[in-house]
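Student:
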Amino acid sequence: MRVLGIDPGLRNLGWGVIDVQSSRITHVANGICHSAPGDLDGDLALRLVSLYDQLTAVLRQYAPDEAAVEHTFVNKDAVATLKLGQARGIALLVPAQAGITVGEYAPNAVKKTVVGVGHADKGQVDHMVRIHLPGVQIAGADAADALAIAICHAHHLQSAGRLQAALRKAAG
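Its first residue numbered 305, the sequence shown is counted upward by one per residue in the working numbering.
(1) Have a look at Gly393 and Leu437 and give me their C-alpha separation to the nearest angstrom.
(2) My understanding is that Pro312 touches Ala395, with C-beta atoms under 8 Å, so please give their C-beta distance in whole angstroms.
(3) Between Gly320 and Leu451, is the Cβ-Cβ spacing less than 8 Å?
(4) Give the DSSP bridge partners of Gln325, in chain order.
(5) Alpha carbon to alpha carbon, what distance is there between Ala340 and Ala367?
(6) Under the three-state reduction of DSSP, which class applies to Arg315: helix, strand or coil?
(7) Helix, strand or coil, according to DSSP, for Asp393 in the structure here?
(8) Measure the CB-CB distance between Ala454 and Leu308 and report whether it falls below 8 Å.
(9) In terms of residues, what are the limits of the alpha helix (DSSP H) holding Ala361?
(10) For Val421, which of helix, strand or coil comes out of DSSP?
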């Protein structure tokens with residue numbers, strides 16, 4: 305199974321692709337989609353189109369079976385949170401249009417799964433992604449977060465699969 309993790313951002317949208325076979329995960333690719341140049345007060349619609357086009361190209365190239373997106377972190381700046389939410393909408397829309405199931409995870413759940421601590425910092429997340437994916441060359445912090453989201457989704461899918469298998473076995 306191939307999993308695409310997406311770390312939504314209006315300026316930088318991180319993505320990471322992993323392959324999952326049983327309990328083994330391997331790195332496929334990672335990168336960052338940069339929205340159209342200009343400041344955040346520039347033409348928002350053009351920035352969103354740019355992210356949409358780039359993420360669609362990633363989907364076409366790597367053909368994931370599953371996708372996962374991080375929930376929006378709500379901060380004190382409501383306008384910035386709203387703009388981030390619009391970028392998150394692109395992150396949800398692109399895989400959904402391709403018929404791919406999209407899992408959603410809170411930032412603390414991703415950190416807890418990958419690092420073991422729900423309030424880990426970016427450096428800890430990057431370090432643990434490198435432990436999970438030996439030899440990986442990470443395109444940047446946003447790509448590391450996206451790979452962490454993909455790893456989190458893979459772990460949740462594996463847990464759900466084990467639960468379903470146990471229930472089938474118990475039912476006879």
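By construction, the Cβ of each residue, glycine as well, lies at the ideal position given by its N, Cα and C atoms.
Tutor: So, from the listed chains and residues:
(1) Inter-residue distance for Gly393 and Leu437 is about 28 Å (C-alpha atoms, whole angstroms).
(2) 4 Å
(3) yes
(4) Arg328
(5) 24 Å
(6) coil
(7) Looking at the sequence shown, residue 393 is not Asp but Gly. If DSSP states are grouped into helix, strand and coil, Gly393 belongs with the helices.
(8) yes
(9) Leu348 to Tyr366
(10) coil
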